[in-house]
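Note that our numbering numbers the sequence shown so that position 167 is 167, with each residue one more than the last.
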Amino acid sequence: MTTLLIADLHLHPGAPEIADGFFNYIEHRAQHAETLYILGDFFDAWIGDDILDTPGMHPLAERVVASLSALSRQGTAVYLMHGNRDFLLGQRFADQCGATLLDEATVSEIGGQRYLMMHGDSLCTRDDAYMAFRAQARDPEWQAYILSLPIEQRLELAKTLRTESGDAISNKAEDIMDVTPVEVETIMAKHAVTTLIHGHTHRPDVHDLTVDGKPAKRYVLGDWRPDQGWDILITSGQAPQLRRFPLREPLSRD
């Protein structure tokens with residue numbers, strides 16, 4: 001049994017190296033896995049599933065759908081989670097990919113071990129401005145209003161949000177953009193787990209902590225860049241492995 005987890009690819013047409021690296025990853029690693037989890041920010045922006053209604057409007061997304069649906073058909077279970085950039089990914093997109101949409105915090109049992117999986121943005125509670133935006137962006141009425149706008153207007157809105165996000169990040173203290181330790185311990189205790197896996201912060205690492213008096217671990221996935229990707233490999237009877245790999249070279253089969 002092999003389970004793979006990835007996050008924060010931020011796929012967009014302006015980063016073809018990352019897109020090619022993802023398709024290489026699917027061909028050489030994911031197709032040999034039992035399960036693939038994509039824990040948010042799969043796309044750098046997603047303006048609605050109807051972007052796929054017009055062939056050729058989003059060639060990259062069409063290629064992603066073809067790749068993941070083929071992966072699903074050959075037997076790999078695919079799971080998708082919303083991130084802070086692609087919170088408008090919908091059931092329609094997931095169905096076309098042959099994937100299952102996951103809730104914000106999902107506990108999965110793999111090889112007899114319980115894992116709490118999250119994108120991770122909800123853990124950054126010290127960033128008051130972002131948490132306010134997050135509450136708005138996850139509001140069903142706000143999402144329905146955005147999705148009612150013409151595609152061209154949504155594309156412009158996505159550009160504006162990306163620019164504003166970049167400007168905001170450049171003016172924030174580093175610790176504010178990281179997870180809040182108390183929030184991590186609280187949600188792990190709530191779900192009765194000793195292992196948490198998330199992305200979002202772009203700070204790949206494995207952290208030791210204590211939850212309800214028990215030793216625990218927090219695995220943080222890295223973001224993908226033109227020269228490298230990150231994943232976590234879980235196999236039966238083995239602890240999760242956080243791995244960095246080059247995108248420009250053939251990937252070995254797990």
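Glycine included, every Cβ here is placed at the ideal spot set by N, Cα and C.
Every value quoted in this text rests on a predicted model; they were computed, and no experiment measured them.
query, result
"Cβ-based neighbour list, residue 106, same chain, cut-off 6 angstroms, excluding 5 preceding and 5 following", "117"
"Reference residue 77, options 61, 244, 94, closest by Cα", "94"
"Sequence-distant residues of its chain with Cβ nearer than 6 angstroms to residue 46 (five each side left out)", "86, 88, 89"
"Reduced DSSP category for residue 231 - H, G, I as helix; E, B as strand; rest coil", "strand"
"C-alpha gap between residue 184 and residue 6, whole angstroms", "20 angstroms"
"N- and C-terminal bounds of the beta strand (DSSP E) containing residue 243", "241-246"
"Run of the beta strand (DSSP E) containing residue 215, from where it starts to where it stops", "214-220"
"Sufficient close CB pairs (3 or more, under 8 angstroms) joining the stretch 63-71 to the stretch 19-37", "yes"
"Separation of residue 104 from residue 160, as counted between CA atoms", "25 angstroms"
"Residue 38 - partner residues in DSSP beta bridges", "6, 80"
"Cβ-based neighbour list, residue 121, same chain, cut-off 6 angstroms, excluding 5 preceding and 5 following", "84, 200"
"C-beta atoms of residue 79 and residue 99 nearer than 8 angstroms", "yes"
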